[in-house]
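J.: To start, I am sharing the structure in question, which I have written as structure tokens.
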Amino acid sequence: MPFADIVGQELAVSCLERSLGRGRIAHAYLFAGPEGVGKEEAALVLAQALNCPAASPAPCGSCSTCRRIEDGLYPDVQRVAPAGNNIKIDQIRTLQQEAYFRPLEGRRKVFIITEAHRMTEEAANSFLRLLEEPPPYALFILLTSQPDSLLPTILSRCQLVPFSPLPPGLIRDKLEGELGLSRERAGLVAALAGGSWERARELASSEEAGSLRHRLLDLVSLLWDGDQAARWLAGEELEKDAELPRILEQLRLWFRDLLVWKLTGQGELLVNQDQLGRLGEMAEDYSTGRLVAALEALGEAQRLLTGSANTRLVLDVLFGKLEPDRPR
Numbered sequence: 000m001p002f003a004d005i006v007g008q009e010l011a012v013s014c015l016e017r018s019l020g021r022g023r024i025a026h027a028y029l030f031a032g033p034e035g036v037g038k039e040e041a042a043l044v045l046a047q048a049l050n051c052p053a054a055s056p057a058p059c060g061s062c063s064t065c066r067r068i069e070d071g072l073y074p075d076v077q078r079v080a081p082a083g084n085n086i087k088i089d090q091i092r093t094l095q096q097e098a099y100f101r102p103l104e105g106r107r108k109v110f111i112i113t114e115a116h117r118m119t120e121e122a123a124n125s126f127l128r129l130l131e132e133p134p135p136y137a138l139f140i141l142l143t144s145q146p147d148s149l150l151p152t153i154l155s156r157c158q159l160v161p162f163s164p165l166p167p168g169l170i171r172d173k174l175e176g177e178l179g180l181s182r183e184r185a186g187l188v189a190a191l192a193g194g195s196w197e198r199a200r201e202l203a204s205s206e207e208a209g210s211l212r213h214r215l216l217d218l219v220s221l222l223w224d225g226d227q228a229a230r231w232l233a234g235e236e237l238e239k240d241a242e243l244p245r246i247l248e249q250l251r252l253w254f255r256d257l258l259v260w261k262l263t264g265q266g267e268l269l270v271n272q273d274q275l276g277r278l279g280e281m282a283e284d285y286s287t288g289r290l291v292a293a294l295e296a297l298g299e300a301q302r303l304l305t306g307s308a309n310t311r312l313v314l315d316v317l318f319g320k321l322e323p324d325r326p327r
């Protein structure tokens, strides 16, 4: 897969192509952005480019090296992923041992760490020591959707490569063209996918999309009305809901749309383009400052709920911060 096949990530791709063209590769990269937007694919292409026998900075994609890297069979490209909920200290110790061995076949050893924010504190501190004195032939690529959850000292030693949510229009067109969805259903799935092609494919093959959208709109109306009793009952139901993380992510995208509409008035920039009328009305009841604070509160709630926080307390505090300046 060439970089050109990674769609919707022009900034990230240009950054990597520029580094390859100049021959100036950092010892560690942080690919930060939502899940399912091309971070893993870009990491594999970078690993191919650094080890492909072809003379060009771009990988050929067809040689034995490139094919084995894509298939996960190349000895000098290794992945580290959470074992259960976390990346544990033993995994990082194994990585450290491997990092100090020279490449078996290629020019560089590449370690791709998925969901890097899930390193335990002990694992993160151990990995930091490796970053402080990295082997010259080793490259570390950290993939994360939550860069703020990583140690600041790790962040400072990595070159940031930002990945953006994919535009809803691009996802909609891919759903129509590649999966054969009707335009109406493709638009609904694209709005719920949160900019993630991976998530869009999951939703396209289930009946979840319609249910999730209805629940989101019901919750939005409840928050907009400012009815505290109804809000309390909603919190009680959501506390036990297995879909809570996805609902909160959809709510975050909704408030992101409110802020974008408030600042630009450009409907083509919205994720929930099919709800433009409701978004426009709702935005009138929120100040810009209130929307910024709401997005910060949603991000903090998502972070807390990945740990052992009291779910009900987090939701009660969050809902209070999502009320409009002027309840409907």
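Under numbering that gives the first Met the number 0, the residue at position 213 of the sequence shown is numbered 212, and the numbers go up by one with no gaps. The beta carbon of each residue, even a glycine, is placed where N, CA and C say it ideally should be.
Among the residues of its own chain, which have a CB less than 7 Å from the CB of Glu121, if the five just before and after it don't count?
T.: Here the set comprises Ile88.
J.: I'd like to check one pair, Asn85 with Arg117: are the Cβ atoms closer than 8 Å?
T.: Yes.
J.: Taking C-alpha atoms, which residue in Gly266, Leu49, Gln8, Gly22 lies nearest to Phe378?
T.: Residue 378 lies beyond the stretch modelled for the chain, which goes from 0 to 327, so this question has no answer here.
J.: Can you tell me which residues form a DSSP beta bridge with Gly27?
T.: The sequence given here places Ala at residue 27; Gly does not occur at that position. Paired residues: Phe139.
J.: Which one of Gly266, Glu40, Ala42, Ser63 has the shortest CA to CA distance from Pro166?
T.: Closest option to Pro166, Cα to Cα, is Gly266.
J.: Spell out a yes or no on whether the region 145 to 159 and the region 17 to 30 are touching, meaning 3 or more CB-CB pairs, one atom from each, closer than 8 Å.
T.: Yes: at least three Cβ pairs fall under 8 Å.
J.: In the DSSP assignment, what residue or residues form a beta bridge with Leu232?
T.: Bridge partners of Leu232: none, in fact.
J.: Asp147 to Glu201, Cα distance in whole Å?
T.: Those two C-alpha atoms are separated by around 27 Å.
J.: Among Ala282, Gly83, Gln95, Val44, whose alpha-carbon lies nearest the alpha-carbon of Asp70?
T.: The shortest Cα separation from Asp70 among Ala282, Gly83, Gln95, Val44 belongs to Val44.
J.: How big is the Cα-Cα spacing for Ala229 and Leu243?
T.: Rounded to the nearest angstrom, the two C-alpha atoms are 17 Å apart.
J.: Which residues does DSSP list as the beta-bridge partners of Met281?
T.: Looking at the DSSP assignment, Met281 forms no beta bridge with any residue, so it has no partner.
J.: Straight-line CA distance for Met281 to Asn50?
T.: Cα to Cα, Met281 sits roughly 52 Å from Asn50.
J.: Using CA coordinates, which residue listed in Gly35, Leu268, Leu247 is at the minimum distance from Leu216?
T.: If we check each option's Cα against that of Leu216, Leu247 comes out closest.
J.: Quick one: what's Ala341 bridged to in DSSP?
T.: No statement about residue 341 is possible, as the shown extent of the chain runs from 0 to 327 and does not include it.
J.: For Asn271, count neighbouring Cβ atoms within 10 angstroms of its own Cβ and tell me buried if that reaches 16, exposed if not.
T.: It is buried - the Cβ of Asn271 has at least 16 other Cβ atoms within 10 Å.
J.: With a CB to CB cut of under 7 Å and the five nearest residues on each side skipped, what residues in its chain are close to Arg311?
T.: Counting only Cβ-Cβ distances below 7 Å, and skipping sequence neighbours, we find Gly234, Glu238.
J.: Taking the C-alpha atoms as reference points, what is the distance between Ser61 and Ala48?
T.: Going from the Cα of Ser61 to the Cα of Ala48 covers about 12 Å.
J.: Suppose the cutoff is 7 Å on Cβ atoms and the five residues either side in sequence are ignored; what does the same chain contact list for Pro102 look like?
T.: Asp75, Lys108, Tyr136.
J.: Work out the CA separation of Arg251 and Gly306 for me, nearest whole Å.
T.: Going from the Cα of Gly306 to the Cα of Arg251 covers about 19 Å.
J.: What's the gap between the Cα of Pro151 and the Cα of Leu262?
T.: Looking at the two C-alpha atoms, the distance is approximately 31 Å.
J.: Suppose only complete runs of 3+ residues qualify. What are the beta strand (DSSP E) ranges in the region 6 to 67, listed by chain order?
T.: Listed in chain order, they are 27 to 31.
J.: Within its chain, find whatever has a CB closer than 7 Å to the CB of Ala98; leave out the 5 residues flanking it on each side and keep chain order.
T.: Lys108, Phe110, Leu129, Pro134, Ala137, listed in sequence order.
J.: Run through the DSSP bridge pairs and tell me what Phe110 is partnered with.
T.: Gln77, Phe139, per the DSSP bridge assignment.
J.: What span of residues does the beta strand (DSSP E) with Gln249 cover, start to end?
T.: Careful: Gln249 lies outside any beta strand (DSSP E), inside the alpha helix (DSSP H) at 243 to 263.
J.: Using the three-state DSSP reduction, which class does Pro161 fall into: helix, strand or coil?
T.: In this structure, Pro161 counts as strand in the three-state DSSP scheme.
J.: Output the boundary residues of the alpha helix (DSSP H) element that contains Glu104.
T.: Run containing Glu104: none; DSSP gives neither H nor E here.
J.: Measuring CB to CB, does Leu257 end up less than 8 Å from Leu290?
T.: Contact: yes.
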